[in-house]
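Comments concern the structure below.
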Amino acid sequence: MPLRRDFFKRSLFLFLLLSFSSSVLSIEKYFDRNQLPQLSQEILDESQFSYSKEVVDRILIIPVQTQRVLGLRIAEKKWLLDDAYRPLVIDKDNYLIDGHHRLDGLTELKIEKVRVLRVSATIEEVIEAFEEHRDFTPTYEPEKE
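Numbering of the sequence shown is given in my numbering, commencing with residue 163 and proceeding in unit increments.
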């Protein structure tokens, strides 16, 4: 009987561990906005990386920056309301590479399903490969709510 109970406990533990999403088990990462490339589908098409077009649950996307560009979120909001926004760009582990302002707006508008381009690489590999697509627009740090 103790052997069966031990097996059950281990099986349950393994099941629970595997049931958690990658976002729950993910490592927190942070980058300044000027470290991250500003990418589009056209830029990805001309790169060595493959990607897939997907629709994912917004809650699974992991933001990696807190800095924002003044006024950009307001401009993005109209496109979000019209469902005309550019897909967010995420890495293979759901880390957000490009689209933090859009993600803010999607969250504010409670839009649950999000269009993304999932690059088949890590965020670090993408940052290194697309260094020429960095943006040095001045940023600010929003106040915490």
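We treat Cβ as the ideally placed atom computed from N, Cα and C, and that holds for glycine.
Could you give the distance in angstroms between the alpha-carbon of residue 206 and the alpha-carbon of residue 255? Position 44 of the sequence shown, counted from the first residue, corresponds to residue 206. Position 93 of the sequence shown, counted from the first residue, corresponds to residue 255. Residue 206 and residue 255 have their C-alpha atoms some 17 Å from each other.
Contact set for residue 271: own chain, Cβ-Cβ below 8 Å, skip 5 residues either direction: Start at 1 with the first residue of the sequence shown, and residue 271 comes out as number 109. Correct list, in chain order: 239, 242, 243.
Out of 195, 278, 281, 302, state which residue places its alpha-carbon closest to the alpha-carbon of residue 226. What you label residue 226 is simply residue 64 of the sequence shown in a count that begins at 1. Ranking 195, 278, 281, 302 by Cα distance to residue 226 puts 195 first.
To the nearest angstrom, how far is the alpha carbon of residue 250 from that of residue 305? As a working note, residue 250 is residue 88 in the sequence shown. As a working note, residue 305 is residue 143 in the sequence shown. Whole-angstrom Cα-Cα distance: 23 Å.
As assigned by DSSP and simplified to three states, the class of residue 205: Numbered from its first residue, the sequence shown carries residue 205 at position 43. Reduced to three states, the DSSP call for residue 205 is helix.
Run of the beta strand (DSSP E) containing residue 216, from where it starts to where it stops: Start at 1 with the first residue of the sequence shown, and residue 216 comes out as number 54. If you look at residue 216, you'll find it in the beta strand (DSSP E) that goes 213 to 219.
May I ask you to list the residues that DSSP assigns as paired with residue 278? Position 116 of the sequence shown, counted from the start, is the residue given in the question as residue 278. Residue 278 is bridged to 216, 250.
Close beta carbons around residue 296, own chain, < 8 Å, minus the five adjacent residues each side: The sequence position of residue 296 within the sequence shown is 134, counting from 1. If we look at residue 296 and ignore the five residues flanking it on each side, its Cβ neighbours are 196, 197, 198, 199, 200.
Extent of the continuous beta strand (DSSP E) to which residue 222 belongs: Walking along the sequence shown from the start, residue 222 turns up at place 60. That residue, residue 222, is in no beta strand (DSSP E); it is neither H nor E in DSSP.
Could you give the distance in angstroms between the alpha-carbon of residue 281 and the alpha-carbon of residue 172? Counting from one through the sequence shown, the residue named residue 281 turns up at place 119. Counting from one through the sequence shown, the residue named residue 172 turns up at place 10. Here the C-alpha atom of residue 281 lies approximately 35 Å from the C-alpha atom of residue 172.
Pull the bridge partners of residue 331 from the DSSP assignment, please. Beyond the ends of the chain as shown, which are 163 and 307, falls residue 331; an answer cannot be given.
Measure the CB-CB distance between residue 216 and residue 278 and report whether it falls below 8 Å. Indexing the sequence shown from 1 puts residue 216 at position 54. Indexing the sequence shown from 1 puts residue 278 at position 116. A contact, by the Cβ cut-off of 8 Å.
I'd like to know whether the C-beta atoms of residue 221 and residue 265 end up nearer to each other than 8 Å. As a first step, residue 221 is located in the sequence shown; it is residue number 59 there, counting from the start. As a first step, residue 265 is located in the sequence shown; it is residue number 103 there, counting from the start. The beta carbons of residue 221 and residue 265 sit no closer together than 8 Å.
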